[in-house]
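Participant: Protein chains in written order, with the working numbering: chain V, 1 to 567; chain E, 1001 to 1233; chain H, 2001 to 2385; chain R, 3001 to 3289.
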């Protein structure tokens, strides 16, 4: 019995590692890979070759397996991870099928259909771990180590960054994160973990052949992850245990016919469909990586409803804005143009955004305001012209590189990470900015009045609260240059007024603030200088009073009332 | 024809965009709703069209409260032309028209008659019937989008910024066509716009929407006084 | 929801633990001797798994209906190995650690190769009644009641050569079986002076062999040698004939699937396998063949015969062990009995089968040809003395 | 030379069958954007039903096929109705659809294994024989595969000339515009499932004629047909059909240059590199239907 359980324990360990590797990639990273069995197989073959041909002792075999799978992971990441999710599914499926063929046919390395025999069990301190119980203990320790490391990764700032880019890679980029690299990194980590599982498997069974690393294996791993809960490693542990035991229960059925084995397939399929349909979060839903320090004396539940979002918004006017220690750079845009197809969205625009002032961009819908924002922040590449932050040219920089120069931008309406908690949102926004992140994040939430909701998912906050949170991200980053895209949209007068005060105060703290806004009364209230765009061209600029009086501007904004049109 | 009373609507989680909208459009009327981006114009049209469910207030069509999803509203006689290039880019002009018509009509002869009618009202489409819609100019696509709605012979036509991005000449033509159809079919038209073109003076009513509320109502003469409009917004 | 997992796991562990209680030591009445069998009950070879099982069940019934063996009633635990190495490892572990059996019947090369180290470690006697690879020879605790690669394929090469075949094409499955038997045939055929003009392979689960067969057809071989399991044999010949491959088709271990799936295309196929002699005078063999025919209305193939023989061999080992005062539930005791007397009854063509020092066996082999939808024995090859 | 010709002809025929599978999958994928792996379940189910009706119950062949077509169509529509629609109502992510789809295929494969056994069932009522064209010979099953183009042509006519067909193209083109035009999206989805699923029956018969029925047949056909649709790009069903034809020819001819074990690697490497380098498919906008 103990031996039997030992063997199951080994498989639990192997499947735990495999499922953990996939949960990091899929649950945390949002990369839908169905080639995890490939990394499993590559790890197994790598370890088998190392042990059989090179007599590599433990842990060299394990390290070798990890290195090889990481290299393969890097290759796949480079080719596939910039594609949209659906294509990643199919691309990894294609690779799974290609590698199944390679495993079967590359005789020199995989032993072809024959596989590789005689893989010795590892030796610890010169003593081979040959008994089943001994190996089970060994496997459990290895699995525990790597599971622990995975937990550590999941809870680290990097883990938070990986989850954030899963939710919104563009937003993560404008908050200073190199999301492509983070995605690749988690994919490679996942590959390495699967490689470890492969090495364990090879040494346990003592024999590797292609049948263990096919597409069904990949799908089985996905089932474990989905049942356990995407983004929760403890759930994966639970599911790995349950789903490794479950087939064992099938020995209750007499194995008198072929049907018995098909039941396992059936069972897994039914579980998969049922879990996705009725229990989409799995056994354990995703948990935040950080929790707020419990508020002293105040129970969040009591706070809820005391202040509604609108009141909080109005309170924003009084929020602390720290004075900028140094002078903010002047953002200069010189002759920037951008065309989409034949349409010139931004046409030879030059302007300067100066510190201590609020610069507003206005113009009718489709005038190119947001496009110009995106060009300045690096989300789009301009066709011609240059952009400078102080003396540094940023024309060709990536969004995250520009963000790291000290720029915060918000997006139209409201854009935050809905599946991260409010606290995590702020921590993430701060995470490219150094130490004491959690404390500072807590302080910022307290400042804007969201402290009671710190551990709630941002997506579950009310619209007003989300807006406040978005402004919290801006305040938290304390960047010298701030771009605000239509922050007044969807709010009532009092809230808009409060936001206006806040924007003024941000500028007064020495920062360069640029707003794009449709709500003109807001613009007249907050702006020091207004630029008017029409059809991608800058047609006027000046102080609000001048613009208000400029008939040309009125015309482009409201059409040429009464006057006959021209083609 | 269309009667909105105290309509409130938004996008959930406390994001309310429309506050207590009262609005009515009678048969044969052209109602123009002006406002900036973000004022709630599109939300209003989508609410009437059934894509957004109002959180308060009533919407009546021909005296009956409106029910059902957008597909049912089209069959009830409400057609909607969304903003932007609301055409099937990969289908030909002919197919675009046919698709739109066949939502409400299966009789081939009737569809052909309607097409003749629409081509008469939008003569510019005649020579590009077999062209793929995606390859046409923005103005032509807008014409096509409106004519697709007309193919459904609605009693109420909802147009979302039909003049956006069009040259004034095109806007003029478009409004001429709309006027033409309105005259012939006697349908009610609710248009939202943010910029003014002289051809819009043909409107029977003008209302101005600001931050989700109707702030001013009046006749087309309001449009002539852009200074006053400016101050109102 | 969070807390519910722990009791769930505990419940699973409990259930798993209680399924197979440890064998009770002090039992009255007839004692049960439990042994294991690993067959392919799913996957592409499942059909032949059913045949193995028929032989196994008949032998157990035989022994038990005669009052068992020295007071022991035989009982088998059949586990599916799915035809894969992993399945083999899992099945073997269940048998060894959970059911604690001292004796296991195994089939398939890959399975036997993974099971053997586990068997050796746990002192379990392993009897291969299916796998044909030469690599299965010379392994401790593993004995074979099967004709292995070389002796199995040499007669096919000889037969082909004798029928004026000078060129051969190979079409073999991508597994240990296909590979090893292909090598064995190639060696034998080239040694006779024949030439291999094409050699193609196919993945185990494939059902389309057109491209391979087209290439083979173009090489215009005198004989087409195929290695495949179960229904795949039938599909292969069917497609070969449909693509107008005119060569004679031969291959090791033909099964019923060749005829049921292949239909008319199977006509003329020549296969090699353990000899089955319905006309045998040997009373034991005669009784088995008659009983099988009575039950299933057909003459048994090798795949029903070898497990049948192995169970009877096990019975004799139990008998020997009990006689010498040992406990038959010890694999070591059974091995000792085997080493003392490595001979068992040949129930397929009569006489005795001798186990050799390399753990292989020596026995008669037959070439069969499909005629009118039935196997007809065209030649019996006696083993070298 | 003969061998190359034969392989070309072979690739052409098998590719034609793949093309029909690809069209059946593409109709659903293009319209609903669901990567409908469970299509494999429908494919197998139709095949097994014909087997049961004709081979086991002795129905005439035409009647068996006539019964299987609506059966497959309804089965496909049922999957949409009972599995995908609830997910869509819940606004579930793409992944949920894919997993559900994979789950259904797995269940079906298990079920067919339990009922029909894991082995090959061959359709005896479709005799496999060689047909000679000069030096080149193909099987009757292969020749039947050329008829796939008749079905594909019918599909194209349906898409071009019928109301539902046009709605399907419209929804595939721009779902948002389709919605504001008043097209009933969910109704159109049902139509695409009905039609796409019905088409699997003739395709599966060609397949089973040649290769027999196995529980895994659904998976292997869905792999290649989905690969073709992705390679072709989502512009129209013909793009997928042409890509499928190309894959069939490539697969057949590859054996001349590579050992036979590597066939799958060739096909799926093409898929991988197309996805990595030309994610919108190789044909761009060359096909509209």
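Ideal Cβ placement from N, Cα and C applies to all residues, glycine included. These numbers come from a predicted model, not from an experiment.
(1) How would you label residue 205 of chain V, buried or exposed, when you count the other beta carbons within 10 angstroms and need 16 or more for buried?
(2) Considering residue 2191 of chain H, what are the terminal residues of the alpha helix (DSSP H) in which it resides?
(3) In angstroms, rounded to a whole number, what distance separates the CA positions of residue 3206 of chain R and residue 2270 of chain H?
(4) Select from the segment 2211-2232 of chain H all residues with a C-beta closer than 9 Å to any C-beta belonging to chain R, and list them in chain order.
(5) Taking the beta carbon of residue 255 of chain V as the centre, do at least 16 other beta carbons fall within 10 Å, making it buried, or is it exposed?
(6) Can residue 2178 of chain H be considered in contact with the ligand PLP, in the sense that its beta carbon sits closer than 7 Å to one or more heavy atoms?
(7) Just to confirm my understanding: we take residue 2368 of chain H, look at its own chain, exclude 5 residues before and 5 after, and list those with CB closer than 6 Å. What are they?
(8) Using only alpha-carbon positions, find the residue among H:2066, H:2105 and H:2064 that is nearest to residue 2077 of chain H.
(9) Please go through the same chain and pick out, in chain order, the residues whose beta-carbon is closer than 6 Å to the beta-carbon of residue 408 of chain V, but skip the five residues on each side of it.
(10) Determine, using beta carbons only, whether residue 2102 of chain H and residue 2357 of chain H come nearer to each other than 8 Å.
(11) Distance check for residue 3020 of chain R and residue 3149 of chain R, CA to CA, integer angstroms please.
(12) Starting from residue 1135 of chain E and walking both ways along the alpha helix (DSSP H), at which residues does that stretch end?
(13) Listing by chain order, which chain V residues have their CB less than 7 Å from the CB of residue 2203 of chain H?
(14) Alpha carbon to alpha carbon, how far is residue 439 of chain V from residue 1015 of chain E? Give it in angstroms, no decimals.
(15) In whole angstroms, what is the alpha-carbon distance linking residue 3122 of chain R and residue 3047 of chain R?
(16) Here's the rule: buried if 16 or more other CB atoms are within 10 angstroms of the residue's CB, otherwise exposed. What is residue 55 of chain V?
(17) Out of H:2057, H:2069 and H:2041, state which residue places its alpha-carbon closest to the alpha-carbon of residue 2031 of chain H.
(18) Would residue 314 of chain V pass as an interface residue toward chain R - the criterion being a Cβ-Cβ separation below 8 Å?
(19) Which residues in chain H have a C-beta closer than 7 Å to the C-beta of residue 3255 of chain R? List them in chain order.
(20) If the cut is a Cβ gap below 8 Å, which residues of chain R does residue 1074 of chain E touch?
(21) Between the segment 138-156 of chain V and the segment 77-87 of chain V, do at least 3 Cβ pairs fall closer than 8 Å?
(22) How is residue 3026 of chain R classed by DSSP in three states: helix, strand or coil?
(23) Just to confirm the assignment, what range does the beta strand (DSSP E) spanning residue 3300 of chain R have?
(24) Grab the span of the alpha helix (DSSP H) containing residue 2251 of chain H for me, first residue to last.
(25) Does any C-beta atom of chain R lie closer than 8 Å to the C-beta of residue 2325 of chain H?
(26) What is the residue span of the beta strand (DSSP E) that residue 1057 of chain E lies within?
(27) Chain R partners of residue 1148 of chain E, CB-CB under 8 Å?
(28) Determine whether the Cβ of residue 3109 of chain R lies closer than 8 Å to any Cβ atom of chain V.
(29) Using the C-alpha atoms, what's the distance from residue 2312 of chain H back to residue 2055 of chain H?
(30) State buried or exposed for residue 488 of chain V, treating a residue as buried only when at least 16 other CB atoms are found within 10 Å of its CB.
(31) Look up residue 382 of chain V in the DSSP assignment and say whether it is helix, strand or coil.
(32) If residue 485 of chain V and residue 373 of chain V are in contact, beta carbons under 8 Å, what's the gap, nearest whole angstrom?
(33) My assumption, with CB atoms under 8 Å, is that residue 2980 of chain R sits in contact with residue 3281 of chain R. Please give the rounded CB distance.
(34) Exposed or buried, residue 1011 of chain E, counting other C-beta atoms within 10 Å across all chains shown (16 or more means buried)?
(35) Any beta carbon of chain E sitting closer than 8 Å to that of residue 463 of chain V?
(36) Only counting runs of 3 or more residues, tell me where the beta strand (DSSP E) segments fall wholly within the segment 1024-1086 of chain E, in order along the chain.
Facilitator: With the given structure in hand:
(1) For this step, residue 205 of chain V is matched to residue 205 along the first chain. So residue 205 of chain V ends up on the buried side.
(2) Residue numbering aside, residue 2191 of chain H sits at position 191 when the third chain is read from its first letter. Element bounds for residue 2191 of chain H: 2176-2192.
(3) Position 206 of the fourth chain, counted from the first residue, corresponds to residue 3206 of chain R. Position 270 of the third chain, counted from the first residue, corresponds to residue 2270 of chain H. Computed Cα separation, rounded: 30 Å.
(4) 2211, 2212, 2214, 2215, 2217, 2218, 2219, 2230, 2231 and 2232
(5) Mapped onto the first chain, residue 255 of chain V falls at position 255. Reliability fails at residue 255 of chain V, whose pLDDT of 46 lies under 50, so the model's placement of it is uncertain and the value that follows must be treated cautiously. Flag for residue 255 of chain V reads buried.
(6) This structure does not include the ligand PLP; it has no bound ligands of any sort.
(7) Within the third chain, residue 2368 of chain H is the residue found at index 368, counting from 1. These residues qualify, in order along the chain: 2271, 2375 and 2377.
(8) Working through the third chain from its first residue, we reach residue 2077 of chain H at position 77. The shortest C-alpha separation from residue 2077 of chain H is found at H:2105.
(9) For the purposes of this step, residue 408 of chain V is taken as residue 408 along the first chain, with counting starting at 1. So the list reads 474, 477, 479 and 482, once near-sequence residues are dropped.
(10) Numbered from its first residue, the third chain carries residue 2102 of chain H at position 102. Numbered from its first residue, the third chain carries residue 2357 of chain H at position 357. No, these two residues do not count as a Cβ contact at 8 Å.
(11) Residue mapping note: residue 3149 of chain R aligns to position 149 of the fourth chain, counting from 1. Residue mapping note: residue 3020 of chain R aligns to position 20 of the fourth chain, counting from 1. Using only the alpha carbons, I get a separation of about 7 Å.
(12) One-based indexing of the second chain puts residue 1135 of chain E at position 135. Counting along the chain, residue 1135 of chain E falls outside any alpha helix (DSSP H), and DSSP gives it neither H nor E.
(13) Here residue 2203 of chain H corresponds to residue number 203 of the third chain, with the count starting at 1. Those are 104, listed as they occur along chain V.
(14) Indexing the second chain from 1 puts residue 1015 of chain E at position 15. Indexing the first chain from 1 puts residue 439 of chain V at position 439. Between residue 1015 of chain E and residue 439 of chain V, the C-alpha separation is close to 31 Å.
(15) Looking up residue 3122 of chain R in the fourth chain gives position 122. Looking up residue 3047 of chain R in the fourth chain gives position 47. In a straight line, the C-alpha of residue 3122 of chain R is about 11 Å away from that of residue 3047 of chain R.
(16) What you label residue 55 of chain V is simply residue 55 of the first chain in a count that begins at 1. With fewer than 16 other Cβ atoms within 10 Å, it is exposed.
(17) Counting from one through the third chain, the residue named residue 2031 of chain H turns up at place 31. It is H:2069.
(18) As a position in the first chain, residue 314 of chain V is number 314, starting the count at 1. By this cut-off, residue 314 of chain V is not an interface position.
(19) Your numbering for residue 3255 of chain R matches position 255 in the fourth chain. Result: 2211, 2212 and 2215.
(20) To locate residue 1074 of chain E, count along the second chain from 1; it is residue 74. What residue 1074 of chain E touches in chain R: 3181 and 3182.
(21) no
(22) If you number the fourth chain from 1, residue 3026 of chain R lands on position 26. Of the three classes helix, strand and coil, the one that applies to residue 3026 of chain R here is helix, per DSSP.
(23) As displayed, chain R neither begins before 3001 nor continues past 3289, which places residue 3300 of chain R out of reach and without an answer.
(24) Mapped onto the third chain, residue 2251 of chain H falls at position 251. First-last for residue 2251 of chain H: 2248-2252, but that is the beta strand (DSSP E), not the alpha helix (DSSP H).
(25) Here residue 2325 of chain H refers to the residue found at position 325 when the third chain is read from its first residue. Output row for residue 2325 of chain H: interface = no.
(26) In the second chain, counting from the first residue as 1, residue 1057 of chain E sits at position 57. 1056-1061 is the span of the beta strand (DSSP E), which, as asked, contains residue 1057 of chain E.
(27) Translated into positions along the second chain, residue 1148 of chain E becomes position 148. Per Cβ cutoff of 8 Å: 3181.
(28) Taking the first residue of the fourth chain as 1, we reach residue 3109 of chain R at position 109. Judged by the 8 Å Cβ criterion, residue 3109 of chain R is in contact with chain V.
(29) For the purposes of this step, residue 2055 of chain H is identified with residue 55 of the third chain, where counting begins at 1. For the purposes of this step, residue 2312 of chain H is identified with residue 312 of the third chain, where counting begins at 1. In a straight line, the C-alpha of residue 2055 of chain H is about 11 Å away from that of residue 2312 of chain H.
(30) On the first chain, position 488 is the one that residue 488 of chain V refers to. Classification of residue 488 of chain V: buried, given that the 10 Å Cβ count is 16 or more.
(31) Along the first chain, read from residue 1 onward, the residue named residue 382 of chain V stands at position 382. Coil at residue 382 of chain V, not helix or strand.
(32) The residue labelled residue 485 of chain V in the question sits at position 485 within the first chain. The residue labelled residue 373 of chain V in the question sits at position 373 within the first chain. With 8 Å as the limit, residue 485 of chain V and residue 373 of chain V qualify as a contact, their Cβ atoms being about 6 Å apart.
(33) Residue 2980 of chain R lies beyond the range of chain R shown here (3001 to 3289); nothing can be said about it.
(34) Your numbering for residue 1011 of chain E matches position 11 in the second chain. Its Cβ having fewer than 16 others within 10 Å, residue 1011 of chain E is exposed.
(35) For this step, residue 463 of chain V is matched to residue 463 along the first chain. Yes, residue 463 of chain V lies at the interface with chain E (some Cβ there is under 8 Å from its Cβ).
(36) 1030-1034, 1056-1061 and 1078-1081
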